[in-house]
Amino acid sequence: MSKPSSFSLRGRKALVAIKDERDLSIVRRQFERLGIDIWNGGFDHASGRHADVILIDDEFLPLNPTMRRTLSGAGSVIALLGTETPSRLKLVFELDPASFLVKPLRSAGIYAALVMAFERSERTNELKQQIVKLEERLRSRRIVLAAVLQVMHSHAVAEPAAFALIRRAAMEQRKTIEQMSAEIAAKGNLPRATG
Amino acid sequence: MTKPSIPVGIVCSQSGPYQAMGREILKAALMAVSEINDSADFDFRIAAHVRDPHGVIAEYHTVCDDLIRNAGAAHIIGCYTSASRKQVLPIVERTDRLLWYPARYEGFECSDNVIYVGASPNHNVLPLVRYVLDNISRHIFCVGSNYVWTWETNRVTRELVTAAQGSVLAERLLELGESAVEHIVDEIVRRKPPVVFNTLVGSSSYDFIRAFHAATTSAGLAIPMLSCSLCEPELKIVGPASAGCITSSAYFESIHLPENRAFVDRWKASHGETSCPSVDGQSAYVAVHLLARAIQRAGTADIGEVRRAAAGYRYDSPQGPVWIDGDNNHCVLTPRLAVSTAQGQFDIFWEADAPVKPDPYLSQLDVAAHPSRDRSSPNATHLRIVK
């Protein structure tokens, strides 16, 4: 089975929205060298889903509704900046770019911008997954608290000992503390085996 | 009738930590200039303007600025380390000049204002590490100069050995020109790694090779050393201690090609019977010839026209056929592996069966490639063993 180098971008798909012909030809040449395919299916919602990365010129800002839809839920975005004025940068935030390039483009910088965008995107996805997990745990905290109170009452023990009993039961039954707490809260007591 | 003269800058350090290679590049470039100027095939002469940055990185920018402003050079041949090339890059891009860079380098660059005549990473580090993985060991001890050439070569090495379930046992770095190598040699003798990859540059490398040879001989160890840069003049500088180094290069003096035999004869006639051409010198020689042929074909020294004329044009050089890949301005050339001898030469034991397209971003690299499926591997069954 083949395995590209971890820094290889070969086979990635890019959606490109660049107005200037010279900048566009520089991007095309550099993408060819890197083995990146430019998605030719037009700038619509479907193409956004197919692209791993989107290069978008700040001249397209503010985005029209079609472009906005394309970008929602699409891959990493690299913004092409024509000016560094705060007014323009404020507009660029709308793209939530993972990386940027300054116009006029040259071949140097494009590879680094792509690698950083992919890395940023991967880290952001990891963080998002972690946030989902933490939110779930936060929601279940109320149930854990209810279960601890129930065990404290039924077994006449202090809070640390009640929690230890729940954790032990969860381990024995190969369940999470949150799952075990939900069962205790529903049944009103600890499972018999651990009582 | 007097031929018109075209100013060409030559930038190489004649002093400093890599002065030996700078001198080789200068000798070879001037030899090629002399051949062009004496040839009836060219309807112009090259006026060489030589500048010496003395191995001081900031000086490279200064001398190139002088060449462009005062000598009117549209084309500059030279630089040795990547650090020096990076100094020159902004000025050649801003003024739209063309740098003809002769040295092998680590890749991950592709300027429209540079012609990369030396080997790309898929020409040098890949064949060498693949050979080592299949024939010596999957565990490599790395020692190198603390700059981008070593950093990137070590990264690629790590990726390849890791994919082969091997490891980089250590990465030891020395500043450019540093000669305190004993602590690294002591560590090598203590740990007895199966193979050592040396990416040190210039005097640091010479000091290391001598100390390594003395210490391993004294300890009764036979640890192979690897290099992607060692060349014949350096073997002479280091002496007998340099024997046995497995080296990856596009050029060795021992290449059996009529173009190379004639080149070596001319070299020795110019520089003495005991003098040897080097890979970087030969590459500077190739750069001058590629430039001259492109100017002749374009009918102008204009850099856009010259770049177009150079792309894809085959030149039968001492190292074999070479041409510029118009897609990325890097050179298509033939990778080779050889082992250094006590006589200051290299025994070539493998070469690719055809010139290999440059892959400066290693975009085609398959780290899990099986040798029989990988045309750049010295272990591929369809490739020719030269010995």
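Listed in order, the protein sequences are those of chains A and B.
Position 188, counted from 1, in the first sequence is what numbering that gives the first Met the number 0 calls 187; the numbers after and before it change by one each time, with no gaps.
Position 126, counted from 1, in the second sequence is what numbering that gives the first Met the number 0 calls 125; the numbers after and before it change by one each time, with no gaps.
All residues carry an ideal CB built from backbone N, CA and C; glycine is no exception.
These numbers come from a predicted model, not from an experiment.
Item                                                                                                                           : Value
With 16 other Cβ atoms within 10 Å as the buried cut-off, status of ILE183 (chain B)                                           : buried
Same chain, Cβ closer than 6 Å to LEU382 (chain B), neighbours up to 5 away in sequence not counted                            : With a pLDDT of 45 at LEU382 (chain B), under the threshold of 50, the modelled position of this residue cannot be trusted, and the question is left open.
Contact set between TYR360 (chain B) and chain A, taken where Cβ atoms lie within less than 7 Å                                : ARG32, LEU33 and TYR110
Sequence-distant residues of its chain with Cβ nearer than 6 Å to ILE35 (chain B) (five each side left out)                    : PHE41, ILE45 and ALA291
Start-to-end residues for the alpha helix (DSSP H) that takes in ASP206 (chain B)                                              : 202 to 217
Chain B residues whose Cβ lies nearer than 9 Å to that of LYS102 (chain A)                                                     : Chain B residues near LYS102 (chain A): none, gap ~15 Å exceeds 9 Å.
Inter-residue Cα distance where the pair is LEU256 (chain B) and ILE75 (chain B)                                               : 29 Å
Bridge partner(s) assigned by DSSP for GLY8 (chain B)                                                                          : B:HIS48 and B:ILE75
Three-state class that DSSP yields for GLY319 (chain B) in the structure shown                                                 : strand
Contact list for ASP111 (chain B) against chain A, beta-carbon separation under 7 Å                                            : SER106
Of the residues A:PRO3, A:SER5, A:LYS2 and A:ALA13, the one placed nearest ILE109 (chain A), counting alpha carbons only       : A:ALA13
Pairwise C-alpha distance: GLN128 (chain A) and ARG167 (chain A)                                                               : 27 Å
Chain B contact residues for ARG9 (chain A), given Cβ-Cβ distances below 8 Å                                                   : SER362 and GLN363
Run of the alpha helix (DSSP H) containing GLU174 (chain B), from where it starts to where it stops                            : It is not in any alpha helix (DSSP H) - GLU174 (chain B) carries neither H nor E in the DSSP assignment.
Beta-carbon proximity list for SER226 (chain B), same chain, < 7 Å, skipping 5 on both sides                                   : ASN197, CYS244 and THR246
Residue burial classification, THR333 (chain B) (beta-carbon count within 10 angstroms, cutoff 16)                             : buried
Beta-carbon spacing of GLN363 (chain B), ARG9 (chain A) below 8 Å                                                              : yes
Members of the stretch 320 to 351 of chain B that neighbour chain A once the beta carbon cut-off is set at 8 Å                 : ASP326 and ASN327
Chain B residues whose Cβ lies nearer than 8 Å to that of LYS12 (chain A)                                                      : Those within 8 Å of LYS12 (chain A) in chain B number zero; the least Cβ separation is about 14 Å.
Where ILE130 (chain A) falls, given that 16 or more other Cβ within 10 Å makes a residue buried                                : exposed
Runs of beta strand (DSSP E) lying entirely within the stretch 213 to 300 of chain B, each at least 3 residues, in chain order : 224 to 226 and 244 to 248
Cβ-based neighbour list, MET300 (chain B), same chain, cut-off 6 Å, excluding 5 preceding and 5 following                      : Per the sequence shown, residue 300 (chain B) should be read as Ala rather than Met. These residues qualify, in order along the chain: ILE5, ALA73 and ILE294.
Test: SER1 (chain A) CB closer than 8 Å to a CB of chain B                                                                     : yes
Beta-carbon proximity list for PRO52 (chain B), same chain, < 6 Å, skipping 5 on both sides                                    : SER12, GLU58, TYR59 and VAL62
Contact residues within the stretch 87 to 112 of chain B, judged by C-beta distance below 8 Å to chain A                       : LEU88, GLU92, PHE107, GLU108, CYS109, SER110 and ASP111
ILE67 (chain B) vs ARG96 (chain B) beta-carbon contact at 8 Å                                                                  : yes
Contacting residues, own chain, Cβ-Cβ under 6 Å from VAL180 (chain B) (five flanking each side not counted)                    : ASP206, PHE207 and ALA210
Cβ-based neighbour list, GLY280 (chain B), same chain, cut-off 7 Å, excluding 5 preceding and 5 following                      : GLU23, ILE24, LYS26 and ALA27
is_contact[SER5 (chain A), chain B] using C-beta, thresh 8 Å                                                                   : yes
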